[in-house]
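J.:
Residue numbers (this note's numbering): 591 to 1286.
#1: Short of 8 Å in beta carbon distance, which residues of its chain neighbour residue 675, apart from the five on each side in sequence? Order them along the chain.
#2: Please identify the residue among 730, 617, 953, 1046 whose C-alpha is closest to the C-alpha of residue 774.
#3: Count the other CB atoms, across all protein chains shown, that sit within 10 Å of the CB of residue 849; report buried if there are 16 or more and exposed otherwise.
#4: Thinking C-beta only, is residue 796 closer than 8 Å to residue 876?
#5: Three-state secondary structure (DSSP) at residue 1122?
#6: Is the beta carbon of residue 940 sitting closer than 8 Å to the one on residue 855?
#7: Compute the Euclidean distance between the alpha carbons of residue 858 and residue 768, then round it to the nearest angstrom.
#8: Going by DSSP, what residue range makes up the alpha helix (DSSP H) through residue 953?
#9: Should the segment 824 to 840 be regarded as contacting the segment 1020 to 1040, the criterion being three or more beta carbon pairs within less than 8 Å?
#10: What residue range is occupied by the uninterrupted beta strand (DSSP E) comprising residue 1332?
#11: Can you give me the start and stop residues for the alpha helix (DSSP H) that residue 1043 sits inside?
#12: Just tell me which of 821, 1163, 690, 1022 has its CA closest to the CA of residue 1301.
#13: Assign residue 1289 to one of three DSSP states: helix, strand, or coil.
#14: Classify residue 778 as buried or exposed, calling it buried when 16 or more other Cβ atoms lie within 10 Å of its own Cβ.
#15: Measure how close the beta-carbons of residue 882 and residue 907 come, nearest whole angstrom, since I'm counting them as under 8 Å.
#16: Are the CB atoms of residue 693 and residue 805 within a distance shorter than 8 Å?
#17: Assuming residue 771 contacts residue 701 under a Cβ cut-off of 8 Å, what Cβ separation, rounded to an integer in Å, is found between them?
#18: Distance check for residue 681 and residue 1284, CA to CA, integer angstroms please.
#19: Throw me the rounded Cβ distance for the residue 597 and residue 709 pair, which I believe falls under 8 Å.
#20: List the whole-angstrom C-beta distance separating residue 1083 from residue 1021, where the pair is believed to meet the contact cut-off of C-beta under 8 Å.
#21: From what residue to what residue does the alpha helix (DSSP H) around residue 865 run?
#22: Does residue 994 pass the burial test, meaning 16 or more other C-beta atoms within 10 Å, or should it be called exposed?
#23: Express the C-alpha separation of residue 955 and residue 1064 in angstroms, rounding to a whole number.
#24: Taking the beta strand (DSSP E) that residue 663 falls in, what are its first and last residues?
#25: So, is residue 930 buried or exposed, given that buried needs 16 or more other C-beta atoms within 10 angstroms?
#26: Excluding the 5 residues flanking residue 639 on each side, which residues of the same chain have their C-beta closer than 7 Å to its C-beta?
#27: Distance, Cα to Cα, residue 1260 vs residue 653?
#28: For a test of the three-state rule: what should DSSP assign to residue 1281, helix, strand or coil?
#29: Taking all protein chains shown into account, do 16 or more other C-beta atoms lie within 10 angstroms of the C-beta of residue 737, making it buried, or fewer, making it exposed?
#30: Does residue 881 come out as helix, strand or coil in the three-state DSSP assignment?
#31: Do the segment 985 to 1004 and the segment 968 to 975 make contact, defined as three or more Cβ pairs closer than 8 Å?
#32: Please state if the CB of residue 1117 and the CB of residue 1270 are separated by a distance shorter than 8 Å.
#33: Is the distance from the Cβ of residue 758 to the Cβ of residue 716 below 8 Å?
#34: Examine the Cβ distances between the segment 1264 to 1278 and the segment 1218 to 1231 and report whether three or more of them are shorter than 8 Å.
#35: Bridge partners of residue 794, per DSSP?
Pasting the structure below:
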């Protein structure tokens, strides 16, 4: 039977090509080079046989354009076609129209002035070597190399020994800045078809934490303190042969948009495939906001990551503004509205749910400041005042809220909802998908007899909500149904529905040891709840708690090695079973849940871990009586008040009437799906508008 001719763009991801280059494979040829055309231009000379096999031909083609590109391969009467869509290197691909304004920072990143309004700049390449005396990377000049005794060598995980010289490349894409490092001998050639042997063809993504909405290309971060170095100069990975890469769009202290970050990771991976070669697998790691980014991207755009290592994890993007708003509401209520009723700090803490009051104060003081936005529209954009929203003097300015950063996905408020500022600019602000109607703050504290009935009623009667500008209002905040539907559909509230083909190692230190107080342990269990709820199991997630380890420094080497071992086994598994099953089957037997030392020694199972380091919550988990499914819901359905639900609590007739007047539409029902809650849809494009459509 004749062999069928096939053609594919191996560097395309989900049918997408960014920039003007791509890697094309033609298979099924009859022993000689086939004819290959790209948009009617002959590109046959770009092909070369794969490992000497003249039935398979591969090449890097230049000439892909924005729009649909047609490839035609012919070989002695047989032909094969392929169509891929090209996108500009500055984007957007699927995140929708570029948000504006946007400040270019190519000079601050060492790339020189931007060459256009899209913040593009020429790529810069440098070399470094591991110095045997300094035990650190020093600049390497190929024309004047160091003495042989100064140049270290390394043996990769493939058993190949090479000079410890690394290539450092920095460039622009998607209005961000990326950089990568990899073992490379500058004296030897390197093409995507024939990579150097020092690269093990594995890609490690370093993600930086924090949380912000900067209207800027931003600067690649190095760390919160000098000893916390988050760079691509990672000896742990490089000496094994890994390529290490990162992007300003993947550092959440400047970009908290996981969809734009996913777009940037796609472009970065395609750059690697076009210029360096095929990638076996990609895994990422990073703490705090970077843990959000990893879990969100892996769920919203599955396949970009094969493994993730969220450190000091927080489970979802929209948790951050939600907890910030609730913390501010409660603090305002306790200190301004009814301070005489709440003189006992233990009662306040019982409602707050955290281990101590300092954690809520973190959310009160950090988010919504000049440097850190997310809630207050006048703060956190990183722009000059004349470009930033001010309700009186500049209502058309850029707004520092997460919903306005996500306007392409959530859409704008309808004219019937407009406040005077929106009327003045004839444009709605972005929909706010946060809601606290029916939330019984302090419910679990009441049932545990840690607060009185009067405190419970007064709190819920007077806590109020916020308006579109995050001002306190006496009524609860009610989100628009369309905002809730889009939030769930887009996966911006993580539902963990598309993670079954991802290996997950969730690693943290005990929350009382964490220098950043927002890293509460229950987030790990929200992720476990979401995985179990969507998959029926969580066998692709391992949980490590490492006392004494600073997770903001990056993963312990033992964890890095185990993740690599896990994915390597999956890659080598040639059995005819689904990828999700391979992930479960090849999880290292050593990789158990529980307490671990940073060097990879297990010191306690989950029972020991939870008894030694108890899990606390937050105001919403207290309101939901520790039902973690509440964390997967933006707005709960409501149910009628039933006195029987308040076990151990007796309301007087007057108190019950008051309770019904506080919640006229009912109270949260956490056992039902949320309002507008549907399973998230992967690989959405927002080019058609808010809500998005699946990429075909």
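For every residue, glycine included, the Cβ atom is placed at its ideal position computed from N, Cα and C.
T.: Well, looking at it:
#1: The beta carbon of residue 675 sits closer than 8 Å to the beta carbons of 605, 606, 607, 657, 658, 659 from its chain, once the five residues preceding and following it are set aside; these are given in chain order.
#2: 730
#3: buried
#4: Going by C-beta atoms, residue 876 is nearer than 8 Å to residue 796.
#5: helix
#6: no
#7: So the two alpha carbons sit approximately 7 Å from each other.
#8: 947 to 956
#9: no
#10: Limits of the chain in this structure are 591 at one end and 1286 at the other, which puts residue 1332 out of reach.
#11: Element bounds for residue 1043: 1043 to 1052.
#12: For residue 1301 there is no data in the structure shown, the boundaries of the chain being 591 and 1286.
#13: Past the edges of the chain, shown from 591 to 1286, lies residue 1289, and the structure says nothing about it.
#14: Exposed.
#15: Yes, they are in contact, since the Cβ atoms of residue 882 and residue 907 sit about 6 Å apart, within 8 Å.
#16: yes
#17: About 16 Å; that fails the 8 Å criterion.
#18: 18 Å
#19: So it is not a contact: roughly 34 Å between Cβ atoms.
#20: Actually they do not touch by this definition, with Cβ atoms about 14 Å apart.
#21: 848 to 865
#22: buried
#23: 22 Å
#24: 657 to 665
#25: exposed
#26: 646, 647
#27: 54 Å
#28: Looking at residue 1281 - three-state DSSP - the assignment turns out to be coil, as it is neither helix nor strand.
#29: Residue 737 counts as exposed, since fewer than 16 other C-beta atoms from the protein chains shown sit within 10 angstroms of its C-beta.
#30: helix
#31: yes
#32: no
#33: yes
#34: yes
#35: 834, 873
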